[in-house]
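Only one structure is covered here, and it is reproduced in the block below.
Number of protein chains: 2
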Amino acid sequence: MARKTGSHSDITGPKVREAALRLFAEHGFAAVSMRQIAKDVGVQAGALYLYTPDKQTLLFDLLCEHMRAVLDGLAEVEMPSSPVAQLEAFARFHIRFHMERRDAVFISYMELSNLDAANFARLDAMRRDYESALERILITGQEAHEFDVDDTKLTTMAIISMLNGVLTWYRPDGRLSLDRVETIYSDMVGKAVRMARAKRAALVAG
Amino acid sequence: MARKTGSHSDITGPKVREAALRLFAEHGFAAVSMRQIAKDVGVQAGALYLYTPDKQTLLFDLLCEHMRAVLDGLAEVEMPSSPVAQLEAFARFHIRFHMERRDAVFISYMELSNLDAANFARLDAMRRDYESALERILITGQEAHEFDVDDTKLTTMAIISMLNGVLTWYRPDGRLSLDRVETIYSDMVGKAVRMARAKRAALVAG
DNA sequence: GCTTGAAATGAACACTTGTTCAGATACTGT
DNA sequence: ACAGTATCTGAACAAGTGTTCATTTCAAGC
């Protein structure tokens, strides 16, 4: 046997990436062998090297594609004018988007150490871009005296960690709908950063 | 050569656990070989099996010991009477304790999938005990009309994720002291769950 | 000082790892 | 119908995997 009937790189290529993504997320990068990926695709291990130069690059490409999708997704969210509403929009987008791509997110937060320095740097830059978008919302709100944030950088990280936490426990068939989770979380985030009414009144008056 | 001069199981044993903890945290369980651990300890791979029946048990023992330390640590925190102060005490304890044991926390949140079902269940029970302690604070505050929480279980998870996030970015030599980070985080947590003054007044009046 | 047992070696086991490649097969364009 | 190329196999490679064990060495108790 050699080439299979109906085989095509447009089919096998995505299959490889899909299988790798799923298996890496489930067992971790180091714990998944090329032969396991190949078996999942329905092909011999050697064939994988038509679609990736090596295992590490396969991981990097998955991570890279994911971060690009996140940034593109956020760019497509039409942002309201008020910082409070912007923050809610961000929180809702983050939760929904990340829930739809659990596997990729899992890998992004766990397997970065398997990358070499250069690849890591590229991904880290993209991640910082995303976090900056949130920080800009906080800064805008701070300047408009709508938010009362001690440190915008720290608060950015805190919010993102909190939102990411949804991944670790949320189950689509669970007690709460995703929409309800989005609502509760964005409410909490809002309360955590919004300025107290009394303080704002004093500031506006003064 | 065989036995080394000055060698003792009271010395090598802890060394093995220490090295395993550090290496697992840095590279991941699957990516670390017994020979790497042995080299780090300064011993041959075979000698490790005097201190653990196998690699998986070594991981499990590390995780188990960590969770026990977390629960013991929390038990030793003397809790104030007011829920607001209790919440702050919890947040401060969580951040400080987890920062002091970064490696163990990293493993706890990343390598659970490498455990078999029985071991996983035992650890999961301990983790739920810890989370329950936080939820009880939220429930108490809720009943005292000091907190305004939509869903105590979800809020518990949200708070813990947020606090855990500190681990991913905090550097002891960075811009902020650990004490300041604790303050900012516990303030944010407090604001996120506390009941608005107006609402509380209305409730007390009504 | 000698025996006893703990602590460690180092070689061996059977298997898996990522990766390469000559050869075989199926599809595509002419 | 045929040539050419894209796709895949299957075997091979050297290195590394977790684990076992007979053997050796050191340290402590009598």
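Chains A and B are the protein sequences, given in the same order.
In terms of the numbering used here, the first sequence opens at residue 4 and continues consecutively.
In terms of the numbering used here, the second sequence opens at residue 4 and continues consecutively.
For glycine and all other residues, C-beta sits at the position ideal for the given N, C-alpha and C.
- Within the same chain, Cβ atoms closer than 6 Å to the Cβ of Val-196/A are found at Phe-150, Val-152, the five residues on either side in sequence being excluded.
- Taking a beta-carbon distance threshold of 8 Å, Asn-122/A does not count as an interface residue toward chain B.
- According to DSSP, residue pairing for Phe-150/A in a beta bridge involves Arg-197/A.
- Chain order gives the chain B residues near Asp-154/A as Leu-179, Ile-187, where near means a beta carbon separation below 8 Å.
- For Ser-36/B, there are no CB contacts under 6 Å within the same chain when 5 residues up- and downstream are skipped.
- The criterion of a C-beta distance shorter than 8 Å is satisfied by Leu-157/A and Ile-187/B.
- For the segment 57-121 of chain A, the continuous alpha helix (DSSP H) assignments of 4+ residues that do not extend past its boundaries occur at 58-79, 86-103, 105-113, in sequence order.
- When Ser-10/A, Pro-17/A, His-30/A, Met-70/A are compared, the shortest CA-CA separation from Arg-125/A is found for Met-70/A.
- Straight across, the Cα-Cα distance linking Leu-62/B with Glu-114/A is about 19 Å.
- Within its own chain, the residues whose Cβ lies closer than 6 Å to the Cβ of Thr-143/A, once the five positions on either side in sequence are excluded, are Pro-86, listed in chain order.
- Flagged as an interface residue toward chain A: Asp-190/B, by a C-beta distance shorter than 8 Å.
- Residue environment: Gln-47/B is assigned as exposed (fewer than 16 neighbouring CB atoms within 10 Å of its CB, all protein chains considered).
- At a beta-carbon threshold of 8 Å, the residues of chain B lying near Ile-163/A are Gly-168, ordered along the chain.
- In this chain, the alpha helix (DSSP H) harbouring Val-19/B covers 12-30.
- With respect to the 8 Å criterion, Leu-65/B and Tyr-133/B are not classified as neighbours on the basis of their beta carbons.
- With a cutoff of 8 Å on beta-carbon distance, Arg-105/B and Leu-170/B are scored as near each other.
- Among the residues of chain B, those whose CB is under 7 Å from the CB of Lys-194/A are Lys-194, Ala-195, following chain order.
- A Cβ of chain A is located within less than 8 Å of the beta carbon of Met-160/B.
- Residues of the segment 32-50 of chain B with a Cβ closer than 7 Å to any Cβ of chain A, in chain order: Ala-33, Ala-34.
- Contacts between Val-184/A and chain B, judged by CB atoms closer than 8 Å, involve Leu-157 in chain order.
- Here DSSP, grouped into helix, strand and coil, assigns Leu-166/B to helix.
- Residues of chain A with a Cβ closer than 9 Å to the Cβ of Met-70/B do not exist, since the nearest Cβ in that chain sits about 16 Å away.
- Secondary structure at Gly-45/A: coil, using DSSP grouped into helix, strand and coil.
- Secondary structure at Thr-55/B: coil, using DSSP grouped into helix, strand and coil.
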